[in-house]
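What follows is a short report on a single structure.
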Amino acid sequence: MLETLANLGLGFSVALSPPILFYAFVGCVVGTLVGVLPGVGPLAGISLLLPATFGLDATRAIVMLAGIYYGAMYGGSTTSILMRIPGEAASVMTCIDGYAMARKGRGGAALAIAAVGSYIAGTVSVVGLMFLAPPLAAFALRFGPPEYLALLLLGLFVLAYMSSGSMLKSLAMASFGLLLGMVGIDQMSGYFRFAYGVVELGDGLGVVPVAVGLFGVAEILATAGQATPPQVVKPRLRELLPSRQEWRESAAPIGRGTVLGFLIGILPGSAHIISSFVSYAVEKRMSKHPEQFGQGAVAGVAGPESANNSATSGAMVPMLALGVPSGPIPAVMLAAMMVHGVSPGPLLIQQQPELFWGFIASMYVGNVVLLILNLPLVGLFVNILRVPYPYLYPAILVFSILGVYAVNGSVVDVWIMLIMGVLGWVLRKLSFETAPVVLGVVLAPMIELSLRQSLAMSDGHYAIFLQRPIAAVLLGVGLLLVLLNLYSFVRRGLDWRARLALAEKGEET
Amino acid sequence: MRARRLAGIAVALALFVPHLAVAQESYPSRPITLVAPFPPGGVADLTARPVAAAMERVLKNPVGVVNKTGAAGAVGMQFVAASKPDGYTLLLALSSISIIPEADKIFDRQPAFTVDQFAPIALISADPTILVVRAESPWKTARDFIDDAKKRSGQISYSSSGIYGTLHMAMELLSHAAGIKLRHVPHAGAGPALTAILGGHVDALASGPAVVLPHIKAGKLRALAGWGDKRVAALPDVPTFKELGYPDAEFYIWAGLFAPRGTPEPVLARLREATRAAVAEPDFKSAMDKLETPIVFKQGDEFQRFFDADARRLAAGVRKVGRIEDKK
Amino acid sequence: MTTERVSGVALALLALAVLEEARRLKLPLGTLATPGPAYMPALLALALLLAGVLIVALGRDATTLGAAGWHEWRHTLAIVIVCAFVALALERLGYRLTIALACAFLLGVVERKGLVATFLFSVGMAAGTYYLFDTLLRVQLPRGPFGL
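Keeping their order, the protein sequence lines are chains G, C and Z.
According to numbering that gives the first Met the number 0, the stretch in the first sequence is residues 0 to 508, in order.
According to numbering that gives the first Met the number 0, the stretch in the second sequence is residues 0 to 327, in order.
According to numbering that gives the first Met the number 0, the stretch in the third sequence is residues 0 to 147, in order.
Okay, here's the thing in structure tokens:
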């Protein structure tokens, strides 16, 4: 413990030195900007700025890239809350309740809660990273395809809690989303599925164009033509900050989101996207007023936003402790380290203490910087809503197209966004929810790959899922949840019949 | 009358010819785009950037790297194959350039591009792959591994970066050369493949040396043999499969510079010259050293021979693998 | 002609189309022990088919197709056309020109704002975002004729 504090002291001395501080600041600002822009997420941001780091030394490069990563998580909530456009894929859930809060005039409060929640999650998760990195990383490595499949199936079950409307319709949308995720090259056999000769579809539709299209573009298509422009209650300065009631409501979700996000972030894969979905579902399940979700529930903003921030720290755990990338973003950061001659590996923490502890300390500093950056900007951002809608929506469209195009430099992505936008508009008219589609697109390729990998590992025997302890436990938990829900479902059904019988009896007498 | 017209034509020509000459000499006069068909942070990307930087210094002209990712490199490669052959769009390709068209053929697909749509400029690096297993596994030498694989056919598993990918083809070449059957568990990229073996979910991995070297040094992985012509400099005790008696198991994850076919000869010559100067630069050398990637520079006929031999090997390998779905 | 019936039927038809496409593309199904590339799509298509049928059968929402409120469809169509134009023209006309034209159309024709406002907004949007991305973030945006 004492040694850790001493190391942390070393770290702070590195992190607070002006050059490092400067690069952390630059990273945070760029990250916020990248997060605010629709579509351009942290991966795109880091990839774009990777070349710019080649002239710097390793610590500065890593500090700046990490700043972009968690900065993007702060910024991503801004457009989600104010305009229902996901700043990046992990902010999709914030669009739902965050935008509802903005419509009610509580946009400033939502932004503030998102910022504070992100700060708390970011800082607490760095503590976790500091103390628990090696053992957690070893645990994370034990997650192979079977464990991953069990976890993803649990995540699929989360879909049941995402719906505020008809469960059947949500399940239909989930199936649709999962089907959309099947487009692309099949990693196990090499077949091109449903790509019809368009090489760019080889990696699938891409969650970014789908999310921006289904949420952002669809929103514009639905609202732009309305005779009366959307009435946004314009709040006064005092009303910009959350009320005491709202703070109370957000405390527990922030805590839960932090823990959940961190744990999910450690696991390999594009986990940080899932963390916000899972957090939303957990909050809805644990809330005393689940019917508020979708209407502007504070927990629906606080939970997911905290989760996606602590997932970023979680993602760094395997990277720093073992030199193993748990996803595309840590992979880029590992590459940045390699380019600077730092060889990432299990001995990184021992061999490069200044890098590791300087990095940790800079994350603390960065989170503070971002909080200071974001809170005052709340007032500024909310004023964006005052811009008359006929001017606002073309601007949003331009940014959305730009953001989606910038990710891969591919016009195909813009087409996907447009088609999903039209689809999202139609689905809204037919009162279908679109969030399950995005979750489906994200989960489908991972679920299928994990299943087939597991079967390849075991030569076709399904028993592998029961033979491995972690997978068996996760599946057991999932089964338990399914049974519990079936039970309450059946009970409600019986209740309904009983009441109907009573009513009929009452009519007869 | 006629004389005046002739004079007019002569003057026009006279004005035109210097323009042509200037146009020829003035390559490059615009920024050059080097397309890296892999995501940032990957091997191709990390090789492309020092190359671009060095060439920029040599040509005294901006050379920018653009990542066009997708379909294991097919998107970027198709893009360059279809672009104007004026020398302003170049490709840094990995050995998968020979694999992808073959894979397309066996699936009866319209190939995204073909190898002869490119004019090779130079080979920059050629990393031999090495076979690694976990440190706790019972195989101490490659011989142990192969013998065990013969005994327990199809039981030993290995991960790869994807079907028909470089790491998969390396293992396939070994399997055919040694007459063994291994169990393939494809993953979505080299990173997940490495994670899989570190976590003990698969038994073996064919990997470029740079990525696994830290883990070997830390005692987590053990290198058994290499697919190269010579031993890997950083691992002098690790034999090559050639030495062990499997000369057909030769595979390199190489990176080379290409231009679209049809690029004028003078432009190509200029580029070859520039690349030769670029790889000799000390800055470039140190950048590649940091990546633990040895520079293997081949040009002209030498590169063509290397490329053709490699392409033949890989095409045969892909055809032997065939469509795995058909083999069930 | 309720929304539920229409959407349910549409989903069911989509599911059938997917199954047919998988067959037409000759994607192998594989077995339960070794699922092929068509396995999961087929399962999901069946699930979607079931969901579609159930929605038609059990749907209690009685809103008719017309009552769902489509009156802004002309506006929506205009925006969709503009976006399609952008997608088509982006790499041919270059970024700045395309965006300027798109904004000009949206503001001038669809929203009927004044000439000056339209011009300022369109040019400002095109140039400003180009600067932001090209110079600051170093994203290569396509250039069209006249280097635009």
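A virtual CB, placed ideally from N, CA and C, is assigned to each residue, including glycine.
All values reported here derive from a predicted model rather than from experimental measurement.
Return helix, strand or coil for residue i, following the three-state DSSP convention.
{"i": "Arg-137(Z)", "result": "coil"}
{"i": "Ala-53(C)", "result": "helix"}
{"i": "Ala-109(G)", "result": "helix"}
{"i": "Tyr-26(C)", "result": "coil"}
{"i": "Asn-66(C)", "result": "strand"}
{"i": "Arg-385(G)", "result": "coil"}
{"i": "Ser-159(C)", "result": "strand"}
{"i": "Met-294(G)", "result": "Looking at the sequence provided, one finds Gln at residue 294(G) rather than Met. In the structure shown, Gln-294(G) sits in coil (DSSP, three-state: anything other than H, G, I, E or B)."}
{"i": "Lys-297(C)", "result": "strand"}
{"i": "Val-132(C)", "result": "strand"}
{"i": "Val-184(C)", "result": "strand"}
{"i": "Thr-433(G)", "result": "coil"}
{"i": "Asp-412(G)", "result": "helix"}
{"i": "Val-330(C)", "result": "Nothing can be reported for residue 330(C): it is not among the residues displayed for chain C, which extend from 0 to 327."}
{"i": "Met-396(G)", "result": "At residue 396(G) the sequence reads Leu, which differs from the Met that was named. Residue state, collapsed to three classes: helix."}
{"i": "Pro-85(G)", "result": "coil"}
{"i": "Leu-28(Z)", "result": "coil"}
{"i": "Pro-61(C)", "result": "coil"}
{"i": "Ser-206(C)", "result": "strand"}
{"i": "Ala-118(C)", "result": "strand"}
{"i": "Thr-88(C)", "result": "strand"}
{"i": "Thr-31(G)", "result": "helix"}
Quick check on this structure: which residue in the options has the alpha carbon closest to the alpha carbon of residue i?
{"i": "Val-207(G)", "options": "Leu-493(G), Ala-89(G) and Glu-218(G)", "result": "Ala-89(G)"}
{"i": "Val-425(G)", "options": "Trp-69(Z), Leu-42(Z) and Ala-116(Z)", "result": "Trp-69(Z)"}
{"i": "Ala-121(C)", "options": "Glu-55(C), Ala-315(C), Pro-110(C) and Arg-269(C)", "result": "Arg-269(C)"}
{"i": "Ala-254(C)", "options": "Arg-48(C), His-186(C) and Pro-27(C)", "result": "Arg-48(C)"}
{"i": "Ala-102(C)", "options": "Asp-458(G), Ser-124(G) and Gly-189(G)", "result": "Gly-189(G)"}
{"i": "Gly-218(C)", "options": "Thr-46(C), Arg-133(C) and Ala-277(C)", "result": "Arg-133(C)"}
{"i": "Leu-20(G)", "options": "Leu-401(G), Val-421(G), Ala-434(G) and Leu-369(G)", "result": "Leu-369(G)"}
{"i": "Pro-444(G)", "options": "Ser-430(G), Leu-204(G), Ile-383(G) and Gln-350(G)", "result": "Leu-204(G)"}
{"i": "Pro-39(C)", "options": "Val-184(C), Met-54(C), Asn-66(C) and Gly-161(C)", "result": "Asn-66(C)"}
{"i": "Thr-165(C)", "options": "Arg-29(C), Thr-274(C) and Trp-226(C)", "result": "Trp-226(C)"}
{"i": "Ile-123(C)", "options": "Ala-224(C), Leu-243(C) and Phe-306(C)", "result": "Phe-306(C)"}
{"i": "Asn-366(G)", "options": "Ala-221(G), Leu-110(G) and Ala-114(G)", "result": "Ala-114(G)"}
{"i": "Glu-148(Z)", "options": "Val-472(G), Tyr-461(G), Ala-405(G) and Phe-464(G)", "result": "Since the first residue shown for chain Z is 0 and the last is 147, residue 148(Z) is missing from the structure and cannot be characterised."}
{"i": "Leu-204(C)", "options": "Ile-31(C), Arg-221(C) and Pro-213(C)", "result": "Arg-221(C)"}
{"i": "Gly-190(C)", "options": "Gly-127(G), Ala-330(G) and Phe-358(G)", "result": "Ala-330(G)"}
{"i": "Ala-394(G)", "options": "Ala-132(G), Ala-57(G), Ser-430(G) and Ile-84(G)", "result": "Ile-84(G)"}
{"i": "Gly-224(G)", "options": "Ala-14(Z), Glu-71(Z), Ser-6(Z) and Ala-56(Z)", "result": "Glu-71(Z)"}
Return the Cβ separation of residue i and residue j in integer angstroms, given the expectation that the two are a contact with Cβ distance under 8 Å.
{"i": "Phe-37(C)", "j": "Gly-72(C)", "result": "6 Å"}
{"i": "Ala-37(Z)", "j": "Leu-28(Z)", "result": "5 Å"}
{"i": "Met-456(G)", "j": "Pro-144(G)", "result": "6 Å"}
{"i": "Ala-360(G)", "j": "Ala-14(G)", "result": "4 Å"}
{"i": "Leu-32(G)", "j": "Ile-45(G)", "result": "Between Ile-45(G) and Leu-32(G) the Cβ distance is about 13 Å, and since that is not below 8 Å, they are no contact."}
{"i": "Gly-104(G)", "j": "Ile-80(G)", "result": "That pair is no contact at about 12 Å."}
{"i": "Leu-193(C)", "j": "Phe-250(C)", "result": "Going by Cβ atoms, the distance from Leu-193(C) to Phe-250(C) rounds to 18 Å, so no, they are not a contact pair."}
{"i": "Gly-477(G)", "j": "Leu-153(G)", "result": "5 Å"}
{"i": "Val-74(C)", "j": "Val-198(G)", "result": "5 Å"}
{"i": "Ile-252(C)", "j": "Asp-126(C)", "result": "5 Å"}
{"i": "Arg-417(G)", "j": "Cys-82(Z)", "result": "It is worth fixing the name first, because residue 417(G) is Leu in this sequence and not Arg. So it is a contact: roughly 5 Å between Cβ atoms."}
{"i": "Ile-263(G)", "j": "Val-277(G)", "result": "6 Å"}
So which residues of chain D does residue i contact, with C-beta pairs closer than 9 Å?
{"i": "Ile-323(C)", "result": "Chain labels in this structure do not include chain D; the protein chains are G, C and Z."}
What does a CB cutoff of less than 6 Å around residue i pick up in its chain, not counting 5 residues either side in sequence?
{"i": "Arg-546(G)", "result": "Look at the range of chain G in this structure, 0 to 508, and you will see that residue 546(G) is not part of it."}
{"i": "Ala-88(Z)", "result": "Thr-97"}
{"i": "Ile-272(G)", "result": "Ala-88, Ala-89 and Val-441"}
Beta-carbon within less than 7 Å of residue i's beta-carbon, same chain only, minus the 5 sequence neighbours each way: which residues are those?
{"i": "Asp-185(G)", "result": "Arg-192"}
{"i": "Ala-136(G)", "result": "Val-316, Pro-317, Ala-320 and Leu-321"}
Taking 8 Å as the limit between beta carbons, can you name the residues of its chain near residue i, skipping five residues before and five after?
{"i": "Glu-55(C)", "result": "Pro-61 and Val-62"}
{"i": "Pro-40(G)", "result": "Here residue 40(G) turns out to be Gly, not Pro, going by the sequence shown. Only Val-33, Gly-34, Ala-71, Gly-75, Gly-86, Glu-87, Ala-88, Ala-89, Val-207 and Val-406 meet the Cβ criterion."}
{"i": "Thr-128(Z)", "result": "Ile-98"}
Runs of alpha helix (DSSP H) wholly within the region 117-174 of chain G (minimum 4 residues, chain order)
Whole alpha helix (DSSP H) segments, 4+ residues: 144-156 and 158-161.
For the region 219-288 of chain C, which segments carrying the alpha helix (DSSP H) assignment without a break, of at least 4 residues, lie completely within its bounds, in sequence order?
Fully enclosed alpha helix (DSSP H) runs of 4 or longer: 264-279.
Taking only runs that begin and end inside the region 246-314 of chain G, name each unbroken alpha helix (DSSP H) of 4 or more residues, in chain order.
List check, alpha helix (DSSP H) in window: 270-285.
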